[in-house]
Amino acid sequence: MTPSLTAARRIVVKIGSALFVDEKAAAPRAAWLAGVAQDIAVLRARGAEVIVVSSGAIALARRALGLTRRQLRLEEKQAAAAVGQIRLAQAWSEALSAQNLTAAQLLLTLEDTEDRRRYLNARATLSTLLTLGCIPVINENDTVATAEIRFGDNDRLAARVAEMVRADVLVLLSDIDGLYTADPRRDPTARHLAIVEALTPEIEAMGGEPPPGYSSGGMRTKLVAARIATQAGVAMAISQGNVERPLRALEAGARCTWFQPAPDGPSAWKRWIAGSLTAQGALAVDHGAARALRKGGSLLPAGVTGVEGTFQRGDAVVVKGPDGTAVARGLSAYASEDAARIAGHRSAEIEAILGWRGRDEIIHRDDLVVLDGG
Numbered sequence: 021m022t023p024s025l026t027a028a029r030r031i032v033v034k035i036g037s038a039l040f041v042d043e044k045a046a047a048p049r050a051a052w053l054a055g056v057a058q059d060i061a062v063l064r065a066r067g068a069e070v071i072v073v074s075s076g077a078i079a080l081a082r083r084a085l086g087l088t089r090r091q092l093r094l095e096e097k098q099a100a101a102a103v104g105q106i107r108l109a110q111a112w113s114e115a116l117s118a119q120n121l122t123a124a125q126l127l128l129t130l131e132d133t134e135d136r137r138r139y140l141n142a143r144a145t146l147s148t149l150l151t152l153g154c155i156p157v158i159n160e161n162d163t164v165a166t167a168e169i170r171f172g173d174n175d176r177l178a179a180r181v182a183e184m185v186r187a188d189v190l191v192l193l194s195d196i197d198g199l200y201t202a203d204p205r206r207d208p209t210a211r212h213l214a215i216v217e218a219l220t221p222e223i224e225a226m227g228g229e230p231p232p233g234y235s236s237g238g239m240r241t242k243l244v245a246a247r248i249a250t251q252a253g254v255a256m257a258i259s260q261g262n263v264e265r266p267l268r269a270l271e272a273g274a275r276c277t278w279f280q281p282a283p284d285g286p287s288a289w290k291r292w293i294a295g296s297l298t299a300q301g302a303l304a305v306d307h308g309a310a311r312a313l314r315k316g317g318s319l320l321p322a323g324v325t326g327v328e329g330t331f332q333r334g335d336a337v338v339v340k341g342p343d344g345t346a347v348a349r350g351l352s353a354y355a356s357e358d359a360a361r362i363a364g365h366r367s368a369e370i371e372a373i374l375g376w377r378g379r380d381e382i383i384h385r386d387d388l389v390v391l392d393g394g
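Numbering (my numbering) for the sequence shown: 21 to 394.
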């Protein structure tokens, strides 16, 4: 079954510099951006949540700063990003507000998705923004990222975000309508692929050279993004973005390439929690909490009867039932000291006890694996 936007409840849309910025004017393509905002408003109106990953900050500032040569030094990119990010955020804010939508800006680095505590922080922020009806607009934090930790392109960043928020669909809007067996600009016999069921070595070999201009992407990075997304259970589309209403066109059946999600993608994260992390501590729970976990619930403070060991927010812990048997493993949303203070209390009391309001759950069900026999 071919994926689609129609049934998707959570969508990540990536937009590159070549689409967002008019190179001649060194300004956002306001009319095109207004059309994208209309598409997002339509998706929101039917209940879908939308996150945008948008490039363009560096490209918006290059001319104003006199940085017009193709290759820039890292510190020049960081300076351009500091200037251009303000313009990028303003452009999105204006376009979305015209549709009565609120834009929110987030800047991420690769470390934010690989460090568990920062990962949980970013995911919690995104979840809250979506709950509040906002449209998060994400870009790589070029002003502080170094050459060693940079994503290098927003295709991969978008895939990491889609993985982080458990999106249904990732859309990479591009200057091409999908994946071809060869570069169609050079090979007139290149054949378009409407759907890719699995990323085989033959498929990955179809990635060409990066495009000219200010873009840092290209088909190679889109295929890397496809591997990240599909392995996490997220369907991905590469679709023509240089049309008036690109998301509407995609939903109406415009030619694109869909990448099927891996069948076991949603469970990959939980397999990692279950077997790849060393537990830093344990949480003892009562019968009611153990029963709720077995039924697919989250672990609330009220069901915790004891805290063992010293651990930090985001660390893996074992959940033990009343008889001491391991019931589950998961990532704690609280450090051991704070978990001990709120253990046995209702979630509504967390703020009064700690002086700040964290998550309602000590371990959210998305970060928890019930063990065999648990």
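Note that CB positions come from ideal geometry on N, CA and C, so glycine has one too.
Small disclaimer: the values here were computed from a predicted structure and weren't measured.
- Note on Lys315: under 16 other CB atoms within 10 angstroms of its CB, so exposed under the neighbour-count rule.
- Thr277 sits in a strand when the DSSP states are folded into three classes.
- Sequence-distant partners of Ala299 (beyond 5 residues in either direction) whose C-beta falls short of 6 Å from its own C-beta, in its chain, are Ala336, Val337, Val338.
- Assigned with DSSP and collapsed to three states, Gly326 falls in strand.
- The shortest C-alpha to C-alpha distance from Glu222 to any of Gly238, Arg311, Thr201, Leu150 is the one to Thr201.
- Under the three-state reduction of DSSP, Tyr354 is assigned to coil, being neither helix nor strand.
- Short of 6 Å from the beta carbon of Phe279, and not among the five residues preceding or following it, lie these beta carbons of its own chain, in chain order: Val216, Ala246, Thr250, Met256.
- The DSSP-derived three-state label of Gly301 is strand.
- A distance of 8 Å or more separates the beta carbons of Ile158 and Ile248.
- Between the segment 315 to 328 and the segment 371 to 389 there are three or more C-beta pairs closer than 8 Å, enough to call the two in contact.
- The alpha carbon of Gln58 has as its nearest neighbour, out of Ala182, Ala252, Val181, Glu264, the alpha carbon of Glu264.
- Minimum Cα-Cα distance from Leu351 among the listed residues Arg211, Asp386, Gly329 corresponds to Asp386.
- Here the alpha carbons of Ala302 and Ala65 stand approximately 43 Å from one another.
- In this structure, Arg30 sits near Glu69, with a CB-CB distance shorter than 8 Å.
- Ile196 is the residue among Glu114, Phe331, Ile196, Pro208 whose C-alpha sits nearest the C-alpha of Cys276.
- In terms of Cα proximity to Lys44, the closest of Arg83, Val62, Ile78 is Arg83.
- Excluding the 5 residues flanking it on each side, Ala348 has same chain C-beta neighbours closer than 7 Å at Leu313, Val339, Leu388, Val389, Val390, Leu391, Gly394, in chain order.
- In the DSSP assignment, Tyr200 is bridged to His212.
- In the displayed model, Glu96 falls within a helix according to three-state DSSP.
- Cβ-Cβ distances below 6 Å link Ile362 to Pro321, Ile370, Ile373 in the same chain, with the five nearest sequence neighbours on each side left out; the list follows chain order.
- Beta bridge pairing from DSSP links Asp42 with Ala47.
- Bounds of the alpha helix (DSSP H) holding Asn174 are 174 to 184.
- In the DSSP annotation of this structure, the continuous segment of the alpha helix (DSSP H) that includes Ile78 starts and ends at 77 to 82.
- DSSP places Asn141 in the helix class (H, G or I) of the three-state scheme.
- The closest CA to that of Ala54, considering only Leu116, Ala309, Leu63, is found on Leu116.
- Under DSSP, Met256 shares a beta bridge with Leu190, Phe279.
- About 7 Å separates the beta carbons of Ala99 and Leu85, which is inside the 8 Å limit, making them a contact pair.
- If you look at Ala269, you'll find it in the alpha helix (DSSP H) that goes 266 to 271.
- Looking at Asp306, Val32, Met226, the one whose alpha-carbon comes closest to that of Val191 is Val32.
- Excluding its 5 nearest sequence neighbours in each direction, Arg49 has C-beta neighbours in its own chain below 6 Å: Asp42, listed in chain order.
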